[in-house]
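Protein chains in written order, with this note's numbering: chain E, 5 to 136; chain U, 377 to 928. C-beta: ideal position from N, C-alpha, C; glycine also. Structure first, then comments.
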Amino acid sequence: MDKPRILLVDDDPDLRRGLNLRLRANHYDTAYAVDGFSAIAMAQKESPDLIILDIGLPAGDGFTVMDRLQNSSDLSHIPVIVLTARDPQYTRQRMLQAGAAAFFQKPADHVELLNAIRCVLKPTWPDGSASS
Amino acid sequence: MSNQPTHVLLIEDNQGDADLVRLRLVESNSDLVVSCADRLSSGLAALAVEPPAVVLLDLNLPDSHGAETFREVLKRAPSVPVVVLSGGDDEELAIKAIHQGAQDYLVKGQFDGRQLGRAMRYAVERQALLTSLDMSRKQQLQFKDQFLSHVSHELRTPLTCAHQFVTILLDELAGPIASEQRDHLETILRSVNQLRAMIGDLIEATRAESGKTRIEPRCIVIGEVVQQAVAMLRVTAEEKGVGLEVRLDARIPLVWADPDRVFQALINLIENGIKFTPPEGSILVEARLMDLDAGFVYVSVEDTGSGIRPEAKALIFERLFQAPGGIDSSRTGLGLGLYITKELVRLHGGRIWVESQPGYGSTFSFTLPLFSLAKLLFPVVTDQGRLRDSIALITVQIAAQLPPGVGDWKEICHRCLELLQLCVLPEKDIIVPAMENAAQAATFLIVTSTDEHGAQVLLERIRTQLGRYEKLRASGVFKVSARPVALPSGATSDPLETLVQRVADNITEIAAAIGNENVDVSSQSPKMPGDGQIKKRGHRRAHNGQATNLAG
Numbered sequence: 005m006d007k008p009r010i011l012l013v014d015d016d017p018d019l020r021r022g023l024n025l026r027l028r029a030n031h032y033d034t035a036y037a038v039d040g041f042s043a044i045a046m047a048q049k050e051s052p053d054l055i056i057l058d059i060g061l062p063a064g065d066g067f068t069v070m071d072r073l074q075n076s077s078d079l080s081h082i083p084v085i086v087l088t089a090r091d092p093q094y095t096r097q098r099m100l101q102a103g104a105a106a107f108f109q110k111p112a113d114h115v116e117l118l119n120a121i122r123c124v125l126k127p128t129w130p131d132g133s134a135s136s
Numbered sequence: 377m378s379n380q381p382t383h384v385l386l387i388e389d390n391q392g393d394a395d396l397v398r399l400r401l402v403e404s405n406s407d408l409v410v411s412c413a414d415r416l417s418s419g420l421a422a423l424a425v426e427p428p429a430v431v432l433l434d435l436n437l438p439d440s441h442g443a444e445t446f447r448e449v450l451k452r453a454p455s456v457p458v459v460v461l462s463g464g465d466d467e468e469l470a471i472k473a474i475h476q477g478a479q480d481y482l483v484k485g486q487f488d489g490r491q492l493g494r495a496m497r498y499a500v501e502r503q504a505l506l507t508s509l510d511m512s513r514k515q516q517l518q519f520k521d522q523f524l525s526h527v528s529h530e531l532r533t534p535l536t537c538a539h540q541f542v543t544i545l546l547d548e549l550a551g552p553i554a555s556e557q558r559d560h561l562e563t564i565l566r567s568v569n570q571l572r573a574m575i576g577d578l579i580e581a582t583r584a585e586s587g588k589t590r591i592e593p594r595c596i597v598i599g600e601v602v603q604q605a606v607a608m609l610r611v612t613a614e615e616k617g618v619g620l621e622v623r624l625d626a627r628i629p630l631v632w633a634d635p636d637r638v639f640q641a642l643i644n645l646i647e648n649g650i651k652f653t654p655p656e657g658s659i660l661v662e663a664r665l666m667d668l669d670a671g672f673v674y675v676s677v678e679d680t681g682s683g684i685r686p687e688a689k690a691l692i693f694e695r696l697f698q699a700p701g702g703i704d705s706s707r708t709g710l711g712l713g714l715y716i717t718k719e720l721v722r723l724h725g726g727r728i729w730v731e732s733q734p735g736y737g738s739t740f741s742f743t744l745p746l747f748s749l750a751k752l753l754f755p756v757v758t759d760q761g762r763l764r765d766s767i768a769l770i771t772v773q774i775a776a777q778l779p780p781g782v783g784d785w786k787e788i789c790h791r792c793l794e795l796l797q798l799c800v801l802p803e804k805d806i807i808v809p810a811m812e813n814a815a816q817a818a819t820f821l822i823v824t825s826t827d828e829h830g831a832q833v834l835l836e837r838i839r840t841q842l843g844r845y846e847k848l849r850a851s852g853v854f855k856v857s858a859r860p861v862a863l864p865s866g867a868t869s870d871p872l873e874t875l876v877q878r879v880a881d882n883i884t885e886i887a888a889a890i891g892n893e894n895v896d897v898s899s900q901s902p903k904m905p906g907d908g909q910i911k912k913r914g915h916r917r918a919h920n921g922q923a924t925n926l927a928g
């Protein structure tokens with residue numbers, strides 16, 4: 005079976021590099037995008053199994069990206085985990101309402117983050133009927 | 377002064393006094409325009425139509441006397457300055473009004489035009505100053521909140537980076553490390569975590585100060601939260617050689633609180649306890665009921681530490697308070713923990729206090745309200761001080777068939793609840809907290825104040841939301857139904873609280889009955905997205921108007 009592929013969307017190169025290391029060490033394939041615009045393009049090109057999305061991004065912030073993903077018939081099935089330094093009081097509920105599967109504030113505990121990733125990626129039905 | 381004439385409203389019932397004041401105002405040769413009212417009621421009416429620059433107020437009027445007169449004016453026009461006109465014999469009354477916020481007072485017959493004119497102008501200027509001070513204070517709070525929110529975001533990004541790479545090194549993702557290196561890295565990680573906690577506290581405290589802290593109370597088992605907090609700090613206590621015990625009263629019913637916030641409060645108190653307790657000492661975390669204060673649970677954190685001097689006790693919950701002579705005094709922290717804890721407890725409707733014997737230890741205690749369905753239902757089932765004629769009960773049953781090891785039932789339940797919360801309107805609908813959910817089947821009960829049509833709209837919203845939930849669609853089914861419920865009407869002398877309590881009891885019974893009718897998943901295709909069964913039962917009942925009656 006192929007490794008699950010995760011698209012990292014974050015404008016900070018160091019954070020991308022760190023997360024990339026952590027995810028690859030846990031046997032995930034990664035791709036990345038550095039702004040809101042390329043996030044959509046990469047999602048279409050790479051068809052990832054999961055997107056990890058920052059909110060503060062150039063060229064279309066996380067909310068815009070979320071909106072476009074949800075309203076695009078070929079991308080709306082991709083689960084999204086939000087990982088942001090923004091204040092959860094103003095962003096968490098809005099992101100979950102917009103369809104995010106989970107929300108983490110930076111710095112996130114990597115054990116919890118990996119658990120969430122596993123949980124979101126896990127096929128819900130053993131015969132495969134769940135994954136659409 | 378500006379070219380605009382200053383509008384003075386004179387509220388005075390004695391025609392002679394009123395004429396005299398007018399005369400003095402003309403004498404003063406200033407650009408004042410005077411209008412008169414001879415009753416408090418007509419004065420208040422004039423205030424409502426067009427607020428004057430200043431009010432000249434006689435406290436004793438035919439329809440109001442003394443300080444009450446001033447309070448009424450203040451209530452109607454809090455931003456208009458008031459100068460009190462006092463008779464020679466009731467100067468004390470005027471002074472009392474000054475204490476309550478009047479700008480000045482003049483004794484009748486003892487002022488000339490110039491003094492009057494000056495009193496007016498000073499009153500106007502002082503009030504303007506006060507108003508602008510108040511505005512800038514509010515703006516400052518707002519600005520501080522936004523600024524700190526921004527700063528915390530900016531601080532968190534480099535901190536995240538440090539955290540990420542330290543943990544990468546520690547987990548040896550970049551190659552093996554020697555034990556001394558591990559030691560150093562762990563020291564860095566501890567400091568990073570301290571910084572992270574401080575940034576969080578800074579935000580939290582500012583937010584509390586500007587009244588923006590939010591809590592999301594629900595039904596919780598307080599013992600579970602206590603155990604989680606203790607488990608989290610067990611290692612810290614052990615490393616210092618401080619004992620950490622828990623004592624829980626098994627009879628404690630469900631508590632109405634935000635579990636994350638209670639956890640946060642407990643962590644603050646226990647961490648504090650550990651900090652001020654020497655090795656060999658101990659900390660006891662206790663939750664119990666008190667006969668004298670039914671309706672609340674008492675949670676306390678008792679330590680055998682250095683204690684608090686009486687003079688510090690009053691200040692300890694204030695912002696930026698630093699206890700002198702802590703055991704680990706090299707890093708004292710920001711002094712925000714207890715302030716935040718106090719605010720969190722206060723938002724829950726509880727109290728917090730400390731008892732201490734210097735040299736022997738301290739006990740911090742706080743209370744949290746026990747869950748009461750009646751209290752929760754009150755705003756939904758009542759309207760303008762009386763019971764509504766009817767409400768609607770919506771039941772949502774979910775069931776899943778998860779093979780062992782696949783999927784997480786708890787997560788599905790949690791997500792369903794979140795989805796339902798998106799459907800309901802706060803204040804108008806209540807999701808009754810679930811008492812207990814069987815494995816792989818759960819029932820949510822929603823009490824809504826809308827009419828039958830509103831209930832159908834809500835049903836549709838719920839169907840759409842749950843229908844979109846992939847995991848539930850894949851491995852489970854759900855049923856949604858609504859039934860109108862008539863509430864006992866009119867002729868009863870019982871107090872409203874009793875009536876609401878009765879409704880709450882009945883709803884609990886209904887909930888229990890529904891809970892017993894288990895949904896059978898096995899006979900249905902797990903892929904069925906909808907709620908085939910419910911239409912047969914719920915809808916027909918609703919359309920026939922067969923209301924369940926709670927009058928009994």
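**Request:** Inspect the CB distances between the region 594 to 606 of chain U and the region 640 to 650 of chain U and report whether three or more fall short of 8 Å.
**Result:** yes
**Item:** Residues, ordered as in the chain, of the region 592 to 622 of chain U that lie near chain E by beta-carbon distance below 9 Å
**Value:** none
**CB of Arg695 of chain U within 8 Å of CB of Leu712 of chain U, strictly** = The residue labelled residue 695 of chain U in the question sits at position 319 within the second sequence. The residue labelled residue 712 of chain U in the question sits at position 336 within the second sequence. Closer than 8 Å, so yes.
**Prompt:** Are the C-beta atoms of Phe957 of chain U and some chain E residue less than 8 Å apart?
**Reply:** The structure shown does not extend to residue 957 of chain U, since chain U is modelled only from 377 to 928, so the question has no answer here.
**Request:** Put Ser901 of chain U into one of helix, strand or coil per three-state DSSP.
**Result:** Taking the first residue of the second sequence as position 1, residue 901 of chain U is located at position 525. Interpretation of Ser901 of chain U is limited by its pLDDT of 38, a score under 50 that renders its predicted location unreliable; the figure taken from the coordinates is listed afterwards. If DSSP states are grouped into helix, strand and coil, Ser901 of chain U belongs with coil.
**Message:** Rounded to whole angstroms, what is the Cα-Cα separation between Val483 of chain U and Asp407 of chain U?
**Reply:** Sequence index remark: in the second sequence, residue 483 of chain U carries index 107 (1-based). Sequence index remark: in the second sequence, residue 407 of chain U carries index 31 (1-based). Spanning the two alpha carbons is a distance of roughly 22 Å.
**Asked** Taking the continuous alpha helix (DSSP H) assigned at Gln522 of chain U, which residues delimit it?
**Response** Counting from one through the second sequence, the residue named residue 522 of chain U turns up at place 146. Looking at the DSSP string, the run of the alpha helix (DSSP H) that includes Gln522 of chain U is 489 to 546.
**Prompt:** Along chain E, which residues have their Cβ under 7 Å away from the Cβ of Cys537 of chain U?
**Reply:** Taking the first residue of the second sequence as 1, we reach residue 537 of chain U at position 161. Those are Asp18, Leu19, Gly22, listed as they occur along chain E.
**Message:** Please confirm whether Gln74 of chain E has its beta-carbon closer than 8 Å to some beta-carbon of chain U.
**Reply:** Within the first sequence, numbered from 1, the residue matching residue 74 of chain E stands at position 70. Chain U, which has no Cβ nearer than 8 Å to the Cβ of Gln74 of chain E, makes this no.
**Prompt:** Got a sec: which bits of the region 84 to 95 of chain E sit with their beta carbon under 8 Å from any beta carbon on chain U, in order along the chain?
**Reply:** Ala89, Arg90, Asp91, Gln93, Tyr94
**Message:** Tell me the rounded alpha-carbon separation between Gln48 of chain E and Gln797 of chain U.
**Reply:** Within the first sequence, the letter at position 44 stands for residue 48 of chain E. Within the second sequence, the letter at position 421 stands for residue 797 of chain U. Going from the Cα of Gln48 of chain E to the Cα of Gln797 of chain U covers about 32 Å.
**Item:** Partner residues on chain E for Phe541 of chain U, Cβ-Cβ distance less than 7 Å
**Value:** Locating residue 541 of chain U in the second sequence gives position 165, where the first residue counts as 1. Within chain E, the residues near Phe541 of chain U are Gly22.
**Asked** Is the number of C-beta pairs between the region 490 to 498 of chain U and the region 510 to 517 of chain U that are closer than 8 Å three or more?
**Response** no
**Prompt:** What does DSSP give as the partner residues of Asp480 of chain U in its beta bridges?
**Reply:** The residue labelled residue 480 of chain U in the question sits at position 104 within the second sequence. The partner list for Asp480 of chain U (beta bridge, DSSP) reads U:Val459.
**Request:** Could you tell me how far apart the beta carbons of Val673 of chain U and Ile728 of chain U are, in whole angstroms, since I believe they sit closer than 8 Å?
**Result:** Position 297 of the second sequence, counted from the start, is the residue given in the question as residue 673 of chain U. Position 352 of the second sequence, counted from the start, is the residue given in the question as residue 728 of chain U. So it is not a contact: roughly 13 Å between Cβ atoms.
**Asked** Using CA coordinates, which residue listed in U:Gly442, U:Ser741, U:Asp805 is at the minimum distance from Ile770 of chain U?
**Response** By one-based count along the second sequence, residue 770 of chain U stands at place 394. Residue U:Asp805 is the option with its Cα nearest to Ile770 of chain U.
**Short-range partners of chain A found in the region 22 to 56 of chain E, where Cβ spacing is below 8 Å** = Chain labels in this structure do not include chain A; the protein chains are E and U.
**Asked** Which residue spans inside the region 840 to 866 of chain U form an unbroken beta strand (DSSP E) run of at least 3?
**Response** 852 to 862
**Message:** The alpha helix (DSSP H) that contains Val757 of chain U, what's its start and end?
**Reply:** In the second sequence, the residue the question calls residue 757 of chain U occupies position 381. Its alpha helix (DSSP H) spans residues 749 to 757.
**Prompt:** In chain E, what lies closer than 8 Å to Arg532 of chain U by C-beta?
**Reply:** Mapped onto the second sequence, residue 532 of chain U falls at position 156. The answer, in chain order, is Ala89, Gln109, Lys110, Pro111.
**Prompt:** Within 10 angstroms of its Cβ, does Gly852 of chain U collect 16 or more other Cβ (buried), or is it exposed?
**Reply:** Working through the second sequence from its first residue, we reach residue 852 of chain U at position 476. Under this definition Gly852 of chain U is a buried residue.
**Request:** Let me know the beta strand (DSSP E) ranges lying completely inside the region 56 to 126 of chain E, each 3 residues or longer, listed in chain order.
**Result:** 84 to 88, 106 to 109
**Asked** Using 8 Å as the limit for Cβ to Cβ distance, is Leu100 of chain E near chain U?
**Response** Numbered from 1 along the first sequence, position 96 holds the residue referred to as residue 100 of chain E. Closer than 8 Å: yes.
**Prompt:** Who are the near neighbours of Asp480 of chain U in its chain, counting only those whose CB is closer than 6 Å to its CB and skipping five residues on each side?
**Reply:** By 1-based counting over the second sequence, the position of residue 480 of chain U is 104. Val459, Ala495, Ala499.
**Request:** State whether the region 428 to 438 of chain U contacts the region 460 to 475 of chain U, with contact taken as three or more CB pairs (one from each stretch) at a distance under 8 Å.
**Result:** yes
**Asked** The alpha helix (DSSP H) spanning Val721 of chain U covers which residue range?
**Response** Residue numbering aside, residue 721 of chain U sits at position 345 when the second sequence is read from its first letter. Its alpha helix (DSSP H) spans residues 713 to 723.
**Request:** Throw me the rounded Cβ distance for the Ser676 of chain U and Thr739 of chain U pair, which I believe falls under 8 Å.
**Result:** The residue you call residue 676 of chain U lines up with position 300 of the second sequence. The residue you call residue 739 of chain U lines up with position 363 of the second sequence. Going by Cβ atoms, the distance from Ser676 of chain U to Thr739 of chain U rounds to 5 Å, so yes, they are a contact pair.
**Message:** Would you say Asp634 of chain U lies against chain E (beta-carbon separation less than 8 Å)?
**Reply:** Locating residue 634 of chain U in the second sequence gives position 258, where the first residue counts as 1. No - not a single Cβ of chain E is within 8 Å of the one on Asp634 of chain U.
**Message:** Looking at the secondary structure, which residues open and close the alpha helix (DSSP H) in which Ile692 of chain U lies?
**Reply:** Taking the second sequence and counting its residues from 1, the one referred to as residue 692 of chain U is at position 316. Run containing Ile692 of chain U: none; DSSP gives neither H nor E here.
**Asked** Taking DSSP as the reference, what is the three-state secondary structure of Gln773 of chain U?
**Response** The residue you call residue 773 of chain U lines up with position 397 of the second sequence. In this structure, Gln773 of chain U counts as strand in the three-state DSSP scheme.
**Asked** Counting only runs that start and end within the region 595 to 654 of chain U, where is the beta strand (DSSP E) found for 3 or more residues in a row?
**Response** 619 to 624, 631 to 633
**Message:** For Leu61 of chain E and Ala89 of chain E, I'd like the C-alpha separation in whole angstroms.
**Reply:** In the first sequence, residue 61 of chain E corresponds to position 57, counting from 1. In the first sequence, residue 89 of chain E corresponds to position 85, counting from 1. Going from the Cα of Leu61 of chain E to the Cα of Ala89 of chain E covers about 11 Å.
**Request:** Evaluate the contact criterion for the region 423 to 431 of chain U versus the region 393 to 401 of chain U: three or more CB pairs, one atom per stretch, below 8 Å.
**Result:** no
**Asked** So the alpha helix (DSSP H) Ala443 of chain U belongs to, where does it begin and stop?
**Response** For this step, residue 443 of chain U is matched to residue 67 along the second sequence. Element bounds for Ala443 of chain U: 443 to 452.
**Message:** Would you say Asp936 of chain U lies against chain E (beta-carbon separation less than 8 Å)?
**Reply:** No answer is possible for residue 936 of chain U: it lies beyond the span of chain U, which begins at 377 and ends at 928.
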